[in-house]
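Line by line, the protein sequences are chains S and R. For what it's worth, the UniProt record's numbering labels the leading residue of the first sequence as 1, then goes sequentially. For what it's worth, the UniProt record's numbering labels the leading residue of the second sequence as 1, then goes sequentially. Heads up, the beta-carbon is just placed ideally off N, CA and C, and yes, glycines get one too. Since we're looking at a predicted model, the values are computed, not measured. Notes to accompany the following structure.
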Amino acid sequence: MQANIIYEDGDHRWIMFGRDPNKSDGIIDTNQYMIQSGDQAMLLDPGGIELFAPMLSAVLKFVPTDQITHLFASHQDPDIISSLGLWDQALPNAKLYSPWLWESFIRHFGMERIQYCPIPDEGLTLGLGRIQVQFIPAHYLHSSGNFHVYDPKAKILMSGDVGAALEGTDAPLFVDNMAAHTPKMRKFHQRWMPSNEAKLDWVRRVRQLDVNVMAPQHGRLFQKQHVTEFLNWFEELPVGIAIR
Amino acid sequence: MPTPIFVTAASIAAELHQAMLEAKGLALTAKNARALAVRAGSKTVGFKAITHFIDELASDIIRQSQYINGVSEGLSQQAVSLWRANTAADKFQWIERQQLAHGESLRNAMRTCYDEREHLSQMLTRGIRELEAQLEEGDKHIRTANLIATSSKVEASSAGDFRAQLEVIAANITATANQIRQHLSTARRLLNQKHT
Numbered sequence: 001m002q003a004n005i006i007y008e009d010g011d012h013r014w015i016m017f018g019r020d021p022n023k024s025d026g027i028i029d030t031n032q033y034m035i036q037s038g039d040q041a042m043l044l045d046p047g048g049i050e051l052f053a054p055m056l057s058a059v060l061k062f063v064p065t066d067q068i069t070h071l072f073a074s075h076q077d078p079d080i081i082s083s084l085g086l087w088d089q090a091l092p093n094a095k096l097y098s099p100w101l102w103e104s105f106i107r108h109f110g111m112e113r114i115q116y117c118p119i120p121d122e123g124l125t126l127g128l129g130r131i132q133v134q135f136i137p138a139h140y141l142h143s144s145g146n147f148h149v150y151d152p153k154a155k156i157l158m159s160g161d162v163g164a165a166l167e168g169t170d171a172p173l174f175v176d177n178m179a180a181h182t183p184k185m186r187k188f189h190q191r192w193m194p195s196n197e198a199k200l201d202w203v204r205r206v207r208q209l210d211v212n213v214m215a216p217q218h219g220r221l222f223q224k225q226h227v228t229e230f231l232n233w234f235e236e237l238p239v240g241i242a243i244r
Numbered sequence: 001m002p003t004p005i006f007v008t009a010a011s012i013a014a015e016l017h018q019a020m021l022e023a024k025g026l027a028l029t030a031k032n033a034r035a036l037a038v039r040a041g042s043k044t045v046g047f048k049a050i051t052h053f054i055d056e057l058a059s060d061i062i063r064q065s066q067y068i069n070g071v072s073e074g075l076s077q078q079a080v081s082l083w084r085a086n087t088a089a090d091k092f093q094w095i096e097r098q099q100l101a102h103g104e105s106l107r108n109a110m111r112t113c114y115d116e117r118e119h120l121s122q123m124l125t126r127g128i129r130e131l132e133a134q135l136e137e138g139d140k141h142i143r144t145a146n147l148i149a150t151s152s153k154v155e156a157s158s159a160g161d162f163r164a165q166l167e168v169i170a171a172n173i174t175a176t177a178n179q180i181r182q183h184l185s186t187a188r189r190l191l192n193q194k195h196t
């Protein structure tokens, strides 16, 4: 499991984990993130059960377990949070922030010790160490209860499945050419995202944020200039195509 | 390939549920037999006495099947918890070998996990022993059922006009006892197979 520090300012860090060369071929490559500030850290979409050991191993290179105080699951999918039953053994005092809609579903992954903190539909702001992070509504993108995470100090938006591209583990970390990258995203967004209305609402919200890095859960990350290009591209893209 | 114990325990619970349904059928057979014996009068006094035993036997089997069912279901849940603890313990051991900067911070969680694994493992061993003992007990009920079935046949043969009907009931008891024996022996075979 590779770890890349994508932002660092004193004890405030964003680390991206992924591109695991040892992962089984049959499972989709995922990006996991950790935000650290002061003596607290939050894992964002910590991943599937298959990734638990390499992920925990990668995380413990940066932070001790008692400082991993928060988990975040953008939605209920297995590649997002099916490792919960094992994190439950490793981080018994942690809190899991996730859409209220999915609480009784996510608990099926096994959760006896970790506390579930439901995020209301309108989102919320959470103090983490010395910073504040915002859970931004991203409902129907693609899940019916879905949030992204925005850190206004680091100006990073963790955008879940929005901006995702299905690429190999040897893909570069950042998008370098949008024209070359959009074909890798098109089908994923058209098929997975069900609602044009939800898409436009999200684009409107994100345009109001100051985003230096957009960090999706699959594929490459976007730097500032490519974020704008992505929003324009996504705004025009018809989604929910399977029923046409 | 070894079968996970939680699969075995759930399968045993299913077998015992079937045995319980058979025993409920046996209780119904006992009621029919008693009604027939009352109608038949003095020629079936012996058979009438046997129906009480059938009824009692059916109740015992139902009670015991429900108990074993509960034990098996509990065992299956414990085995799932043990599997999870084992999975976590394996991952922790792998991480321990990495000599990570903050590996030590996992120590408490590891200890809790290992303690829980030990506790669950002991509970599972006790539960399996309990299951073995209960299945053994079930065999005694089957032996009793066979005796009752034989006695029923003998009594049916001297029941005059009601002979044919009582023979059907006696055959019914034999068939049900065989079905229950089959479920118990499947349960025992499941318990004796290799487990992970």
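Check                                                                                                      : Outcome
Proximity test, Cβ basis, 8 Å: R:THR174 and chain S                                                        : no
Proximal chain R residues relative to S:GLY85, where beta-carbon distance stays under 7 Å                  : ARG84
Contact residues within the stretch 95–106 of chain R, judged by C-beta distance below 8 Å to chain S      : ILE95, GLN98, LEU100, ALA101, HIS102, GLY103, GLU104, SER105, LEU106
R:ALA88 at chain S interface by Cβ criterion, 8 Å                                                          : yes
DSSP state of S:ARG19 mapped onto helix, strand, coil                                                      : coil
S:MET193 beta carbon less than 8 Å from that of S:VAL239                                                   : yes
Any chain S beta carbon closer than 8 Å to R:ALA109                                                        : yes
Chain R contact for S:ASP11 (CB, 8 Å cutoff)                                                               : no
Where R:GLY70 sits in the DSSP three-state scheme                                                          : helix
Interfacial residues, the stretch 53–68 of chain S to chain R, with Cβ spacing under 7 Å                   : ALA53, LEU56, SER57, LEU60, LYS61, VAL63, PRO64, THR65, ASP66
The alpha helix (DSSP H) enclosing residue 245 of chain S, as first and last residue numbers               : The structure shown does not extend to residue 245 of chain S, since chain S is modelled only from 1 through 244, so no value can be given for it.
DSSP-derived helix/strand/coil call for S:LEU221                                                           : strand
Option nearest S:ILE136 by Cα separation, candidates S:HIS75, S:ASP20, S:GLN225                            : S:HIS75
Cβ neighbour criterion (16 or more within 10 Å) applied to R:VAL71                                         : buried
Collapsed DSSP secondary structure at R:THR3 in the structure displayed                                    : strand
For S:GLY38, the first and last residue of its enclosing beta strand (DSSP E)                              : Element bounds for S:GLY38: n/a, residue is neither H nor E.
Beta carbon proximity, R:GLU24 to chain S, threshold 8 Å                                                   : Looking at the sequence shown, residue 24 of chain R is not Glu but Lys. Cβ-Cβ to chain S under 8 Å: no for R:LYS24.
Nearest-angstrom Cα separation, counted from S:GLY48 out to S:PHE17                                        : 13 Å
Beta carbon of R:ILE142 nearer than 8 Å to that of R:ALA177                                                : yes
Three-pair Cβ contact test at 8 Å for the stretch 139–158 of chain S versus the stretch 197–207 of chain S : yes
Presumed contact (8 Å Cβ cut-off) between S:ILE156 and S:ALA242, rounded CB distance                       : Not quite, the Cβ-Cβ distance comes to about 32 Å (not below 8 Å), so this is no contact.
Beta-bridge partners of R:MET123, as assigned by DSSP                                                      : None; R:MET123 has no bridge partner.
Per DSSP, cross-strand counterpart(s) of S:MET158                                                          : S:VAL149, S:ALA215
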